[in-house]
Amino acid sequence: MDRHLLSAADLSRDDAALVLDTAEEMRSVADRPIKKLPTLRGRTVVNLFFEDSTRTRISFEVAAKRLSADTINFTAKGSSLSKGESLKDTALTLQAIGADAVVVRHHDSGAPHRLAHAGWIDGSVVNAGDGTHEHPTQALLDAFTMRRHLGDLKGRRIVIVGDVLHSRVARSNALLLSTLGADVSLVGPPTLLPVGVESWPVEVGYDLDQALAKCDAVMMLRVQKERMNASYFPSAREYARRYGLDARRMALLPEHAVVLHPGPMNRGMEITADVADAARSLIVEQVTNGVAIRMAVLYLLLSGTPLPSPDTDLEGSR
Amino acid sequence: MAAVHPAIGRVVLDERDIARALTRISHEILERNRGASDLVLLGIPTRGVPLAERLAARIREVEGEPIPYGSLDITPYRDDLRLRPARALEHTEIPVEGVEGKVVVLVDDVLFSGRTIRAALDALNDLGRPTAIQLAVLVDRGHRELPIRADFVGKNLPTSVIEHVRLALMEVDGRDEVVIADRTRETEQ
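These protein sequence lines are chains Y and C, in that order. Taking my numbering, I'd label the letters of the first sequence as residues 89 to 406. Taking my numbering, I'd label the letters of the second sequence as residues -1 to 187.
Take a look at the structure:
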């Protein structure tokens, strides 16, 4: 694995399998009387959040703490970031206090990449969601959750539905799931599919009912109204009717198929309340698994010696 | 996992020697603890796990009742994590009975520096409070770096530090043997 985790595309099949297997072991830590490993004692993990988040920030914080790392939470509100401090000056501050890893969420696509490669900081950078670009740990936890229910994802059909255009989750999932050998299809209104989607390793469709009948997992995306500066669809009701998952559509799914949603949900929009709370919906389990995945990522990035160059492979010595 | 080449090195224990040593250790464990009532065997991956399983099977034969056994991964507790690239974790499987109030017998293949066992003691500490912890190893090769000793030993093998002791087990390597070889490129912990 690279020193940073910026994109799901950085993960080879072996890397991804290593993260998922490590997460499997990390998950059992939550069942122990003492939910803590001493592995990252003395390391400092900074959560640098320029954008609001509930799940991801809490999840990274719990993950770092379960590995005994010290955590510092840095949110845009209430810090000098709101006074207009630049990313560079913030990074230099983090370097000066000795951050071993920076978990960053930013409203601009590419900000984590800049942080990792500008030479401002020595620590590892983990992308916790950048603009409409990527959210690799979300893709890892989705793959992990599906793997626990479906087994090996090779050849599995996974349908990602809705606002792909604004979704970093969709992009990271499409990349990671195809690395893992799954068949991914995207379904949504044509206005909410990004330019260049033809080059993604996915199929594209517009008919949800048809896609649901033969899929193993369906992932509903949040309609990101806060990122919409134009009308991408006529009305919420029409969107829900064509692309929302309700009880009738859920009945079209094969018996074994599962439902995922990265949260936060717009109940009644892309997913109805009864579907969200149904037994085959794994939305709460995704949150639990998120902690295990983030423990695995932090463990793999931080526990060993920092590699001299990003090209050095991990398998070399044992 | 590096394959052991049978032609390299000197075989010091063969399949039957290993079987006899395990049988003796299982009797010693029962003798020391006056039966198997509160015993839990925990193997340290990789090769301690099949050894624990074999000891549990022998104890069951003698006592007529199954005893709980499992595996305890010590990787997150190692003291040399920062010296190497990140390591993959092994599987931990604690029997449903837990370790609280039990006599835990740790099982490992080769006892060398003692650092693995130090890590295992830390790992157990996070899982509960056993009444007692004992240590069974198939080979004790000396050169301890910590004040740790084994309660049950299959064979004491005086070695030189530059030699390499390798245990092959049927479950992992396809055959049972202990080989002493000159240290080539790999280093033990």
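For every residue, glycine included, the Cβ atom is placed at its ideal position computed from N, Cα and C.
Non-local beta-carbon contacts of V133 of chain Y in its own chain, meaning distances under 6 Å to residues more than five positions away in sequence, involve A152, A157, T159, A189 in chain order. For D107 of chain C, the closest Cβ of chain Y is not nearer than 8 Å. Interface criterion met: the Cβ of R120 of chain Y is under 8 Å from a Cβ in chain C. About 5 Å separates the Cβ atoms of H194 of chain Y and F138 of chain Y, confirming a contact at the 8 Å cut-off. Distance from the CA atom of A86 of chain C to the CA atom of R101 of chain Y, rounded to whole angstroms, is 15 Å.
For A166 of chain C, there is no enclosing alpha helix (DSSP H); the enclosing beta strand (DSSP E) has its first and last residue at 161 to 166. Inside the segment 303 to 354 of chain Y, DSSP marks whole alpha helix (DSSP H) runs of 4 or more residues at positions 324 to 331, 335 to 338, from first to last along the chain.
By the Cβ-count criterion, E358 of chain Y is buried, with 16 or more other Cβ atoms from all chains shown falling within 10 Å of its own Cβ. Chain Y places no beta carbon closer than 8 Å to that of T44 of chain C, leaving this residue out of the contacts. Within its own chain, the residues whose Cβ lies closer than 8 Å to the Cβ of A206 of chain Y, once the five positions on either side in sequence are excluded, are K176, A179, listed in chain order. For G217 of chain Y, there is no enclosing alpha helix (DSSP H); the residue is part of the beta strand (DSSP E) that begins and ends at 212 to 218. The shortest C-alpha to C-alpha distance from L370 of chain Y to any of Y:R259, Y:R336, Y:W288, Y:L238 is the one to Y:L238.
For the segment 74 to 101 of chain C, residues whose beta-carbon sits nearer than 8 Å to a beta-carbon of chain Y comprise P74, Y75, L79, R80, L81, R82, P83, A84, R85, A86, L87, E88, H89, T90. In the displayed model, A130 of chain C falls within a strand according to three-state DSSP. Ranked by Cα distance from R310 of chain Y, the first of Y:T267, Y:P352, Y:P282 is Y:P352. D297 of chain Y sits in a helix when the DSSP states are folded into three classes.
Here L155 of chain Y has L125, T127, L128, M383, L386, Y387 as same chain residues with Cβ atoms under 7 Å from its own Cβ, once five neighbours each way along the sequence are excluded. Looking at the DSSP output, K153 of chain C bridges to C:V137. For E173 of chain Y and Q183 of chain Y, the gap between their C-alpha atoms comes out near 15 Å. For L229 of chain Y, no Cβ of chain C is located within less than 8 Å of the residue's own Cβ. CA-to-CA, the gap between L81 of chain C and V60 of chain C works out to about 44 Å. Separation of the CB atoms of S69 of chain C and G41 of chain C is rounded to 5 Å, and the pair is thereby assigned contact status at 8 Å. Looking at the backbone, the Cα of A117 of chain C and that of T225 of chain Y are separated by about 30 Å. When C:N123, C:M168, C:Q132 are compared, the shortest CA-CA separation from L37 of chain C is found for C:Q132.
Note on the segment 139 to 218 of chain Y: whole alpha helix (DSSP H) runs with a minimum of 4 residues are 143 to 154, 175 to 185, 199 to 205, in chain order. Taking a C-beta cut-off of 7 Å against chain C, the contacting residues of the segment 363 to 397 of chain Y are Y387, L388, S391, G392, T393, L395, listed in chain order. Interface residue (Cβ-Cβ distance to chain Y less than 8 Å): G126 of chain C is classified as such. DSSP places D106 of chain C in the strand class (E or B) of the three-state scheme. Short of 8 Å from the beta carbon of T279 of chain Y, and not among the five residues preceding or following it, lie these beta carbons of its own chain, in chain order: L253, Y320, F321. For R245 of chain Y, the enclosing beta strand (DSSP E) stretches over residues 245 to 249.
In the DSSP assignment, L28 of chain C falls within the unbroken alpha helix (DSSP H) covering 13 to 31. Spanning the alpha carbons of D106 of chain C and V135 of chain C requires a straight line of approximately 5 Å. Between the segment 197 to 211 of chain Y and the segment 265 to 278 of chain Y, the count of Cβ pairs shorter than 8 Å is below three; the stretches do not touch.
For the C-beta of D180 of chain C, not a single chain Y residue is nearer than 9 Å; the gap to the nearest is close to 18 Å. Distance check between S35 of chain C and each of C:N123, C:E169, C:P64 places C:P64 closest, using alpha-carbon atoms only. One Cα belongs to V192 of chain Y, the other to M168 of chain C, and the distance between them is close to 47 Å.
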